[in-house]
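Only one structure is covered here, and it is reproduced in the block below.
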Amino acid sequence: MPELPEVETTRCGIAALLTGQKVARVVVREWRLRWRVSRALVRELPGQTFRRVARRAKYLLLATDAGTVILHLGMSGSLRVVPADTAPAAHDHIDIVFADGRCLRLRDPRRFGALLWTRTEPQLHKLLRALGPEPLGTDFDADYFYARTRRRKVALRDFLMNARIVAGVGNIYANEAAFLAGLRPQRRVGRLTRAECERVVTAVRETLQQAIAAGGTTLRDFQNANGLPGYFQLQLYVYGRAREPCRRCGTPIKAVRLGQRAGFFCPRCQS
DNA sequence: AGAGGTACCTGGCAGC
DNA sequence: TGCTGCCAGGTACCTC
């Protein structure tokens with residue numbers, strides 16, 4: 000579920016609630032996430048105080064003096080802060096219990112998420128080291144994007160979903176950004192002109208900013224830290240809208256198979 | 001180096 | 001109603 004805007008929405012929701020909280024204990028009801036939940040985390044996090052909550056790509060970074068919790072929501076994860084004695088529902092796998100009696104609760108039905116622990120600078124962690132620039136940061140610009148696309152044959156949609164190129168863009172926003180840029184998701188990036196690359200960069204930033212402002216996209220079950228859905232699905236131009244009229248021109252939106260995942264575009268607005 | 005496929009897992013839905 | 005097959009927001013890892 001969560002792409003960058005949903006993770007950012009979650010980060011905003013939990014940052015104030017977490018910062019300054021001392022951890023009393025960690026309750027693990029299910030160890031088997033994407034990777035086994037870090038035993039070192041369960042051992043070393045109690046007694047620590049959360050100093051800040053940052054984000055890199057789709058990873059949440061919960062920093063303490065002893066180390067950093069690296070948390071990924073996978074496809075179906077969500078976080079809430081609730082009283083620690085609240086009965087856990089199905090798929091509520093982890094509680095990080097605070098000294099004040101509340102806890103940060105991770106729910107993740109598909110268990111594609113991750114809960115890891117690093118004692119060093121999190122950016123050096125294997126999972127974060129090779130990530131491309133943040134799409135909303137200054138490193139992601141037309142020069143960079145144009146240079147990286149040269150001699151590449153992959154479809155624009157897949158290129159945007161490549162975390163080594165740009166971090167945090169998933170299928171929804173890759174398709175939406177392609178629409179805003181006026182380019183079909185199946186376009187081979189190596190043939191994009193410099194001007195088209197500039198449009199893509201602008202479109203990616205625009206799409207993500209709008210989505211963050213709307214609290215993310217809730218297709219099925221995404222909820223923010225307060226248990227509320229996002230609203231960006233109401234503004235989607237193409238994603239999941241096959242055969243529905245384009246919001247710009249009324250032409251039916253088309254779905255294409257790109258690799259293993261669906262792509263969506265307006266045959267009139269995108270070339 | 002790059003492209004493409006596979007694997008991990010559960011739940012919802014369409015179709016029969 | 002109940003079964004089956006397909007699809008899903010991610011991404012590391014494998015092979016070619």
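Sequential numbering from 0 applies to the first sequence in numbering that gives the first Met the number 0. Ideal placement from N, C-alpha and C gives every residue a C-beta, glycine not left out.
In whole angstroms, what is the alpha-carbon distance linking residue i and residue j?
i      : j      : result
Arg267 : Arg183 : 10 angstroms
Thr67  : Arg54  : 12 angstroms
Gln259 : Leu32  : 23 angstroms
Trp30  : Leu17  : 23 angstroms
Phe276 : Leu59  : With the chain running from 0 to 270 in the structure shown, residue 276 is simply not present.
Pro134 : Val165 : 6 angstroms
Ser77  : Leu105 : 6 angstroms
Thr63  : Ala98  : 15 angstroms
Lys125 : His71  : 14 angstroms
Leu179 : Ala202 : 5 angstroms
Leu235 : Val199 : 17 angstroms
Arg149 : Gly181 : 20 angstroms
Cys245 : Ala173 : 17 angstroms
Ala88  : Arg28  : 11 angstroms
Cys248 : Leu114 : 44 angstroms
Thr206 : Lys21  : 36 angstroms
Asp91  : Arg204 : 33 angstroms
Ser75  : Glu5   : 11 angstroms
Asp140 : Gly100 : 45 angstroms
Lys152 : Pro228 : 37 angstroms
Gln232 : Thr9   : 17 angstroms
Beta-carbon separation of residue i and residue j under 8 angstroms?
i      : j      : result
Ala162 : Ala56  : yes
Glu7   : Ile211 : yes
Asp94  : Ala86  : no
Leu61  : Gly167 : no
Gly189 : Arg79  : no
Val25  : Val81  : no
Is residue i buried or exposed, if buried means 16 or more other CB atoms sit within 10 Å of its CB?
i      : result
Gln269 : buried
Asp138 : exposed
Asp107 : buried
Cys265 : buried
Arg118 : exposed
Glu243 : exposed
Leu44  : buried
Arg42  : exposed
Arg156 : buried
Arg186 : buried
Gly112 : buried
Starting from the Cα of residue i, find the closest Cα among the options and give me that residue.
i      : options                        : result
Gly169 : Gly73, Thr48, Gly12, Leu40     : Gly73
Ala176 : Thr192, Lys152, Gln208, Leu115 : Gln208
Arg51  : Val255, Val27, Ile93, Pro121   : Pro121
Gly214 : Glu197, Leu61, Val203, Tyr230  : Tyr230
Tyr238 : Pro251, Ala39, Leu115          : Pro251
Cys11  : Gln222, Gln232, Leu218, Met160 : Gln222
Leu103 : Arg219, Tyr143, Ala23          : Ala23
Ala146 : Leu218, Ala15, Glu195          : Glu195
Phe144 : Lys152, Leu159, Leu130         : Leu159
Leu218 : Leu191, Trp116, Arg240         : Arg240
Leu257 : Ala154, Leu191, Glu197, Thr216 : Ala154
Arg128 : Ala261, Ala15, Ile69, Gly46    : Ile69
Asp142 : Arg193, Val36, Pro1, Arg38     : Arg193
In chain order, what are the residue ranges of uninterrupted alpha helix (DSSP H) at least 4 long that sit wholly in the region 45 to 72? none
Inside the region 210 to 263 only - alpha helix (DSSP H) runs reaching at least 4 residues: Assignment of alpha helix (DSSP H) within the region 210 to 263, counting only whole runs of 4 or more residues, yields no such run.
Start-end ranges of the beta strand (DSSP E) lying completely within the region 78 to 152, minimum 3 residues: 91 to 97, 101 to 106, 113 to 117
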